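Input: a single structure, listed below in structure tokens.
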Amino acid sequence: MSDSDGAVGWVLLGGTDAAVEAVLLDHDAQEVHRESVSSSALTEWVADTERTSSPRWVWSDSVRWYSPILAAGIRIARCHDLRLAHAILRDSAAVGDDHGLRDATRWDAAAVSETPAEAALFDLADSDPVHSAPDDVEETLSEFRRQRACLQMARDSNALRLLIAAESAGALTAIEMRTAGLPWDPDIHRDLLTTALGARDSTGRPERLVTLAAEIRVALADPGLAIDSPPKLLRALHRVGILVESTSRWELAEHEHPVIAPLIHYKKLARLMTANGWAWLDEWVHDGRFRPVYVPAGVVTGRWASSGGGALQIPRQLRGAVHADRGWTFVVADVAQLEPRVLAAMSRDVGLADAARGRDLYAGIVDSGAVATRAEAKVAMLGAMYGATTGESGRLVPRLRRAYPRAMALVDDAARIGEEGGVVSTWLGRTCPPASDPWREVQSRASAPDSASGDETRARRWGRDRGRFTRNFVVQGTAAEWALAWMADLRQRMAALPEVPVSDAAPRSGAAFARRPHLAFFLHDEIVVHSPADRAAEVAELVQDAAVEAGGLLFGAIPVHFPLTVAIVDNYG
Numbered sequence: 001m002s003d004s005d006g007a008v009g010w011v012l013l014g015g016t017d018a019a020v021e022a023v024l025l026d027h028d029a030q031e032v033h034r035e036s037v038s039s040s041a042l043t044e045w046v047a048d049t050e051r052t053s054s055p056r057w058v059w060s061d062s063v064r065w066y067s068p069i070l071a072a073g074i075r076i077a078r079c080h081d082l083r084l085a086h087a088i089l090r091d092s093a094a095v096g097d098d099h100g101l102r103d104a105t106r107w108d109a110a111a112v113s114e115t116p117a118e119a120a121l122f123d124l125a126d127s128d129p130v131h132s133a134p135d136d137v138e139e140t141l142s143e144f145r146r147q148r149a150c151l152q153m154a155r156d157s158n159a160l161r162l163l164i165a166a167e168s169a170g171a172l173t174a175i176e177m178r179t180a181g182l183p184w185d186p187d188i189h190r191d192l193l194t195t196a197l198g199a200r201d202s203t204g205r206p207e208r209l210v211t212l213a214a215e216i217r218v219a220l221a222d223p224g225l226a227i228d229s230p231p232k233l234l235r236a237l238h239r240v241g242i243l244v245e246s247t248s249r250w251e252l253a254e255h256e257h258p259v260i261a262p263l264i265h266y267k268k269l270a271r272l273m274t275a276n277g278w279a280w281l282d283e284w285v286h287d288g289r290f291r292p293v294y295v296p297a298g299v300v301t302g303r304w305a306s307s308g309g310g311a312l313q314i315p316r317q318l319r320g321a322v323h324a325d326r327g328w329t330f331v332v333a334d335v336a337q338l339e340p341r342v343l344a345a346m347s348r349d350v351g352l353a354d355a356a357r358g359r360d361l362y363a364g365i366v367d368s369g370a371v372a373t374r375a376e377a378k379v380a381m382l383g384a385m386y387g388a389t390t391g392e393s394g395r396l397v398p399r400l401r402r403a404y405p406r407a408m409a410l411v412d413d414a415a416r417i418g419e420e421g422g423v424v425s426t427w428l429g430r431t432c433p434p435a436s437d438p439w440r441e442v443q444s445r446a447s448a449p450d451s452a453s454g455d456e457t458r459a460r461r462w463g464r465d466r467g468r469f470t471r472n473f474v475v476q477g478t479a480a481e482w483a484l485a486w487m488a489d490l491r492q493r494m495a496a497l498p499e500v501p502v503s504d505a506a507p508r509s510g511a512a513f514a515r516r517p518h519l520a521f522f523l524h525d526e527i528v529v530h531s532p533a534d535r536a537a538e539v540a541e542l543v544q545d546a547a548v549e550a551g552g553l554l555f556g557a558i559p560v561h562f563p564l565t566v567a568i569v570d571n572y573g
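Note that our numbering has the sequence shown beginning at 1, numbered continuously upward.
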């Protein structure tokens, strides 16, 4: 490497586990050197290159390349994840059609859409992403060059570059959090399960579920009812006059009958046992760590998903099991009202920014006179961002339009574009999926000369659904970008801290993180840092500084505050 020392800006890796090829590129991405590295020497070679050149690593997929490097205790600072970048650039409205990315289908690994109708954007259940990117070094290099050419011709290429850098940093962070794990006390978990569900009988069923099941069968006069079978439960409910279409808690709660209360309670406890019960504990918690699989950009808005372990759905009643190691603690931080603040920044709405300055945003909306109570402010703002047009939201949203015209115009315009079949983009340029072929067929059928009233009704409903999707896409997606920038900046700040002595280490966090604070958990607008106790106050300041930096990096000088609630605690509960 002597002929390229000091000139390396990028290092591209490709090849197989047995024979890795490294292409060293200068800061303009021009090739300056190639070499083959044996698999046995790869981690040492990466460590040396990271130390001497601090390049941005380029590879097909961070899971494929970074996981074994990190497992050996080698942490890298920056990368360019070609698979994630491909998905952003392939679909971005800021990029023309002649970039060749859409033809490079081997690099496709689509994010998981939450509903086929593209109609909702809420928390995603565990998914199974496909990591299909190739590793041949020439093909990897070709894809990198396609992406660079694409960025050069894109509108607002700086924003897309920032998005790709943040997305790639998120990929590194996800792998690091899985490797370090979230400290978890299985004994506390078992005690919490027994408290909530009762002791298990000889068949493994907890006593409270057994008791509730008996009450439900008596109330429905069906001694052999299989309560966990939705079709059989629905038929039993219909027989006693409870004419529900599903067994959801919300629909059941609309009816009065002796079975309703025990059934709702049963479903809640059954969900806890299924999602995070004893079997889950045995599968996912080992050596005092919960190590889930995070999926960056697993949702079309750019939000993360989970592909095992349900990391994004840890129930509150079990968070007491998340317990820091001896001599360590947690720094827990979440940002208040992230999405409305992002909307204020995106729209440059000075009135909404003022309502958010240095205080609870909903209280600021009340102080502005737009609505009378904090509850009304929250309902109105959520209605504006999620497209509620009826009930209390429908009554209150027009008041926000008068008070904050720029902010409301931004989401209203996004909804209109969606209803017309167009696409919208986040602040940094992630673009929503186009309207599906079935959606377009429904709209076309409604405008045909022989259309029926049902066709028109369906087209309007599907149009409104897509409008709600695009309305929220721009806000939720941009909030996800802010969160990525926040974590990326915090990750680098913590890496610059000196290591603690070996005697104070947390070895179960792995070689790379046993002696320094590290991110242990992330949930949309909340992070948990596992930190040596005597560094916690310093880490809390870094968390705050990173939030300020993220706001300035994305939005510039617009005076929108992103205030954090920060707590230093021994357990997450």
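Where is the CB? At the ideal position from N, CA and C, for every residue including glycine. Since the model is a prediction, treat every value here as computed from it, not as a measurement.
Over what stretch of residues does the alpha helix (DSSP H) that includes residue i continue unbroken?
i	result
D108	Run containing D108: none; DSSP gives neither H nor E here.
D412	405-419
T140	137-153
I188	186-197
W486	453-495
F555	536-555
V574	Here the chain has residues from 1 to 573 only, and residue 574 is not among them.
L361	361-367
Could you compute how far the alpha carbon of residue i sits from the alpha carbon of residue j?
i	j	result
A196	L490	36 Å
Y66	S444	47 Å
A324	S202	34 Å
P258	A219	6 Å
A125	H33	Its pLDDT being 39, under 50, A125 is placed unreliably by the model, and nothing is read from it.
P129	P340	With a pLDDT of 44 at P129, under the threshold of 50, the modelled position of that residue is not reliable, and the figure given next carries that caveat. One C-alpha to the other measures close to 30 Å.
L400	A356	14 Å
A495	D545	15 Å
D367	G552	26 Å
D349	L410	10 Å
Q313	D26	43 Å
D123	A377	Reliability fails at D123, whose pLDDT of 39 lies under 50, so the model's placement of it is uncertain and no value is given.
I76	P517	16 Å
A29	V528	36 Å
H561	H524	18 Å
T52	P438	54 Å
Q337	N472	15 Å
A85	A221	58 Å
V572	A505	Strictly speaking, residue 572 in this sequence is Tyr, with Val absent from that position. Looking at the two C-alpha atoms, the distance is approximately 20 Å.
I69	V423	39 Å
H99	Q147	8 Å
T390	I558	33 Å
G73	T179	10 Å
A165	H80	7 Å
A415	T470	6 Å
L272	L233	19 Å
A511	W284	21 Å
R464	E256	33 Å
G394	D360	23 Å
T49	E31	16 Å
A87	G9	24 Å
H189	E251	31 Å
V335	S306	21 Å
In chain order, what residues of the same chain have a beta carbon less than 7 Å from the beta carbon of residue i, not counting five sequence neighbours either side?
i	result
A311	P292, Y294
R208	L197, G198, L269
V371	I365, A377, A380, L396, R399
L243	none
Would you kindly report the start and end of the unbroken beta strand (DSSP E) that includes residue i?
i	result
P532	526-532
H33	31-38
W575	Since the displayed the chain opens at 1 and closes at 573, residue 575 lies outside it and no answer follows.
V11	10-15
E21	19-25
H80	79-81
Can you round the beta-carbon distance between residue i and residue j to whole angstroms, since I take them to be within the 8 Å contact cut?
i	j	result
W184	F522	Between F522 and W184 the Cβ distance is about 16 Å, and since that is not below 8 Å, they are no contact.
Please return the same chain residues whose Cβ sits closer than 8 Å to the Cβ of residue i, not counting the five positions on each side in sequence.
i	result
V37	V20, E21, A22, W45
Return the chain-ordered list of same chain residues with a C-beta closer than 6 Å to the C-beta of residue i, the five sequence neighbours on each side being excluded.
i	result
T135	The question names Thr, but residue 135 is Asp in the sequence shown. G14, S60, listed in sequence order.
A174	Y294, P296
S39	D17, A18
V95	L89, C150, A154
S157	L151
R78	R56
P230	T247
S347	R406, A407, L410
Note to self: I'd like to know if the segment 325-337 and the segment 526-541 are in contact, where contact means that at least 3 CB-CB pairs between them fall below 8 Å.
What the structure shows: The segment 325-337, when compared against the segment 526-541, does touch it at the 8 Å Cβ threshold.
Checklist line | Validate contact between the segment 477-493 and the segment 451-463 using beta carbons, cut 8 Å, 3 pairs | finding: The segment 477-493, when compared against the segment 451-463, does not touch it at the 8 Å Cβ threshold.
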